[in-house]
Every structure is written in structure tokens, then in C-alpha cells.
Amino acid sequence: MTEQTKYVKLEIFIPETHFASLREALRSVDAGHLGNYDSCLAYSRVTGSWRPLLGASPYEGTIGEISEAPEIKVELRVAAVRLEQTMAAIIAVHPYEEPEIFVIPLLA
703 MTEQTKYVKL
713 EIFIPETHFA
723 SLREALRSVD
733 AGHLGNYDSC
743 LAYSRVTGSW
753 RPLLGASPYE
763 GTIGEISEAP
773 EIKVELRVAA
783 VRLEQTMAAI
793 IAVHPYEEPE
803 IFVIPLLA
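The sequence shown begins at 703 in our numbering and counts up one residue at a time.
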């Protein structure tokens with residue numbers, strides 16, 4: 703991140719069973735705060751696909767086999783100065799060994 707980056711967009715993929723915990727974790731670190739509102743995010747249902755490799759410890763699936771499962775894609779804006787604590791909050795409640803999280807710098 704550059705010093706000019708004030709906000710980032712996060713895209714997080716998580717099982718629906720963990721969505722409420724994620725939303726609370728995000729709120730607890732003030733992620734998704736927009737003006738006089740907090741807990742601002744969008745979510746949609748998607749299908750995730752992955753293949754655990756040897757040495758993996760998958761939340762779901764079998765080593766060497768392609769798996770698919772429904773997930774929730776969560777999108778929100780976060781102040782860049784809160785990114786580190788937001789990532790820690792996400793990882794604390796996320797069940798995946800390797801959470802799928804995209805951090806996208808925003809221009810405005």
C-alpha cells in the first residue's frame with residue numbers, strides 16, 4: 703500500500719456457516735464504517751472450487767480431489783490504516799487453512 707491509499711476493498715470467501723461470526727469480527731474492528739453507518743458490506747452466494755495438495759489440512763475436501771461447495775463472497779471498504787487489524791480479525795474466525803482474501807487498493 704502506498705501512503706496515498708486511504709481505503710482498500712476486501713473480498714472474502716467464507717462458508718455460510720461462518721458468515722455471522724465474520725460480520726461480527728469485522729464490526730469489532732470498525733471495518734465497513736462509512737460516515738454515520740457501520741457494518742456496511744455486500745455479500746453474495748458463490749461456488750468455490752479447490753483441490754487440496756499433499757500436506758494440506760483442508761476444512762472440507764479430500765487430498766488430491768477437486769472439491770466444490772457453496773460459499774459467501776463478502777465485499778467491503780476498509781480504511782487502509784485498519785487493514786492489519788482487520789486481516790487479523792478475519793483470520794481469527796475463518797475456518798480455512800488458507801483463506802481466500804483479496805485486498806484491492808482504491809483510488810478514491
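Glycine included, every Cβ here is placed at the ideal spot set by N, Cα and C.
Could you name the residues of the same chain whose beta carbon sits closer than 6 Å to that of residue i, not counting the 5 residues immediately before and after it, in chain order?
i	result
L724	I716, V795
S741	R729, G734
So if DSSP puts residue i in a beta bridge, which residue, or which two residues, is it bridged to?
i	result
I768	I768 pairs with nothing; no bridge assigned.
G737	None, per the DSSP bridge assignment.
L808	In the DSSP output, where bridge partners are listed per residue, L808 has none listed.
V780	V710
E773	V748
E762	None; E762 has no bridge partner.
In or out: residue i buried (at least 16 other Cβ within 10 Å) or exposed?
i	result
P772	exposed
T788	buried
I806	exposed
P754	buried
I768	exposed
I765	exposed
Near residue i, what residues of its chain come up, given a Cβ to Cβ distance below 7 Å and the 5 sequence neighbours on each side ignored?
i	result
P797	P717, H720, Y761
Hey, residue i and residue j are a contact pair by Cβ (cut 8 Å); roughly how many whole angstroms apart?
i	j	result
Y739	V776	Their Cβ separation, rounded to whole angstroms, is 16 Å, which puts Y739 and V776 out of contact at 8 Å.
With a threshold of 8 Å on Cβ separation, who are the neighbours of residue i within its own chain once the five nearest residues in sequence on each side are excluded?
i	result
S751	I768, S769, E770
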